[in-house]
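The next block holds one structure in the form of C-alpha cells; read it before the comments.
Residue numbers (my numbering): 772 to 1096.
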C-alpha cells in the first residue's frame, strides 16, 4: 500500500484548487495519488453522481475548493444559483465523504462569512454576531452552512468514526489562475488588466473607483494553498487545542492591509505603467476596511511568505501568459 494518502481535490481548475494541487506536488505527493474531476466529468450538485464517485475512488482526504464564485455584480444577478449550487456541492461532497469512510476533509470558505460591520481585524468568533453584507449574503450563508456541516459531522461522528473535518477562511486571494474578466473580476486582476491595457495603448491616465482610501488585505494564492496543506497535516490534538467544537474554522491571511490606491500604485509599477492614477470619489468605496485576524493560524505555526510586490509580479506573468494574444 502507498504511504501517500489518496487525495481528492474538488475544484482543481479554480485558482485555489489548482494551487493546492501545485502545493501537494511540490511537497512530494505523487501525481497518481491526486484525484481530480472536471465539472463535465462530475457535477457536484448531483447527489447520486457524487456518492458513486466517492464509493468508486475511495479517497483518504478531501480538499473542498469547488464553489460557484463571482463579484458583486454576479452575486446580485444570480442569488438563487449562488446559494443553491454552493449548498448542494458542499452537502453532497461532505456527506458522501463521510459515508465512504473519509476521515479528513478541508472545507474552504470565504471572509464574507463575517458580519458587514465586524470589528477589525475580524476574528473567528465574529461569526454569526451580526448582519451580513446584503450583496453576497446568499453566498455567505452557503459558506457558513459548510462550516457548520463540518462541525456537525465532527460532533456526531468524531468519536465513533474518527471524522476530522476542518474549515479555513481565506482573505482576498490573487495570483496564477485568477479571473481577469473586465466586468466580473476582483480588484487585483481587474487592475492588472486595466493598467496593462493602458500601457499598451499609451493611455495617459487611469481612474480607479472610489476615494482610494479603503483598506484591503491580499494573500498570494500559493500561500493560501500552503496554509491549507499545513492545516490539514496538523494532528487532531493540536487542532482541537486551538479551536472549539462549534467555532472550529481558521482565518488565513497575511496580517497586513493596504489602501486601494496603494495596491493600484503597486500594480502600475509591476506592469510598468507610468501614467497618472486618479480616484473617482463619486463611485462607491465599499467597506472601509477588511482585515482578517490570523493569530489563531500564526499560533499554530504558519505565516504567509509571499509579499505583495513578488506576488504581483507572478500574477502579471500569469496574465501575460494566459490573457494576451
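Yeah, the Cβ is synthetic: ideal placement off N, Cα and C, and Gly gets one too.
Quick one: measure Cβ to Cβ for residue 806 and residue 777, integer angstroms, because I've assumed they're closer than 8 Å. Along the chain shown, read from residue 1 onward, the residue named residue 806 stands at position 35. Along the chain shown, read from residue 1 onward, the residue named residue 777 stands at position 6. Yes, residue 806 and residue 777 are in contact; Cβ-Cβ is about 6 Å, under 8 Å.
Name the DSSP beta bridge partners of residue 778, please? Stepping through the chain shown from its first residue, residue 778 is reached at position 7. DSSP, once it has assigned bridges, lists 805, 832 as partnering residue 778.
Taking the beta strand (DSSP E) that residue 859 falls in, what are its first and last residues? To locate residue 859, count along the chain shown from 1; it is residue 88. Residue 859 -> not in any beta strand (DSSP E); alpha helix (DSSP H) instead, spanning 850-870.
Would you mind stating whether residue 895 and residue 775 have Cβ atoms separated by less than 8 Å? Position 124 of the chain shown, counted from the start, is the residue given in the question as residue 895. Position 4 of the chain shown, counted from the start, is the residue given in the question as residue 775. No, the pair does not count as a contact, with Cβ atoms beyond the cut-off.
How many whole angstroms separate the CB atoms of residue 854 and residue 913, which I take to be in contact at a CB cut-off of 8 Å? Reading the chain shown from its first residue, position 83 is the one you call residue 854. Reading the chain shown from its first residue, position 142 is the one you call residue 913. The Cβ separation is near 5 Å, so the contact holds.
Please list, in chain order, all residues of the same chain as residue 802 whose beta carbon is under 8 Å from its beta carbon, the five residues on each side excluded. To locate residue 802, count along the chain shown from 1; it is residue 31. Excluding sequence neighbours, residue 802 sits near 796.
Of the residues 1074, 1066, 1093, the one placed nearest residue 891, counting alpha carbons only: In the chain shown, the residue the question calls residue 891 occupies position 120. When only C-alpha atoms are compared, the closest one is 1066.
Excluding the 5 residues flanking residue 865 on each side, which residues of the same chain have their C-beta closer than 6 Å to its C-beta? Here residue 865 refers to the residue found at position 94 of the chain shown. Here the set comprises 920.
Alpha carbon of residue 1016 to alpha carbon of residue 908, nearest angstrom: The residue given as residue 1016 occupies position 245 in the chain shown. The residue given as residue 908 occupies position 137 in the chain shown. Looking at the two C-alpha atoms, the distance is approximately 24 Å.
May I ask you to report which of helix, strand or coil DSSP gives residue 994? Counting from 1 along the chain shown, the entry for residue 994 is found at position 223. In this structure, residue 994 counts as helix in the three-state DSSP scheme.
Can you confirm whether the region 897-908 touches the region 1023-1033 when touching is taken to mean that 3 or more C-beta pairs between the two stretches lie within less than 8 Å? no
Cβ atoms of residue 863 and residue 1099: under 8 Å apart, would you say? Absent from the structure is residue 1099, since the part of the chain shown begins at 772 and ends at 1096.
How would you write the range of the beta strand (DSSP E) that residue 1112 sits in, first residue to last? In the structure as shown, the chain starts at 772 and stops at 1096, and residue 1112 therefore has no counterpart that could be examined.
Compute the Euclidean distance between the alpha carbons of residue 991 and residue 1000, then round it to the nearest angstrom. Taking the first residue of the chain shown as 1, we reach residue 991 at position 220. Taking the first residue of the chain shown as 1, we reach residue 1000 at position 229. Spanning the two alpha carbons is a distance of roughly 15 Å.
Which stretch, first to last residue, makes up the alpha helix (DSSP H) that contains residue 1087? As a first step, residue 1087 must be located in the chain shown, where it is residue number 316. Segment 1079-1094, the alpha helix (DSSP H) holding residue 1087.
Quick check: the Cα distance between residue 933 and residue 830, rounded to an integer number of angstroms? Start at 1 with the first residue of the chain shown, and residue 933 comes out as number 162. Start at 1 with the first residue of the chain shown, and residue 830 comes out as number 59. Rounded to whole angstroms, residue 933 to residue 830 spans 15 Å at the Cα level.
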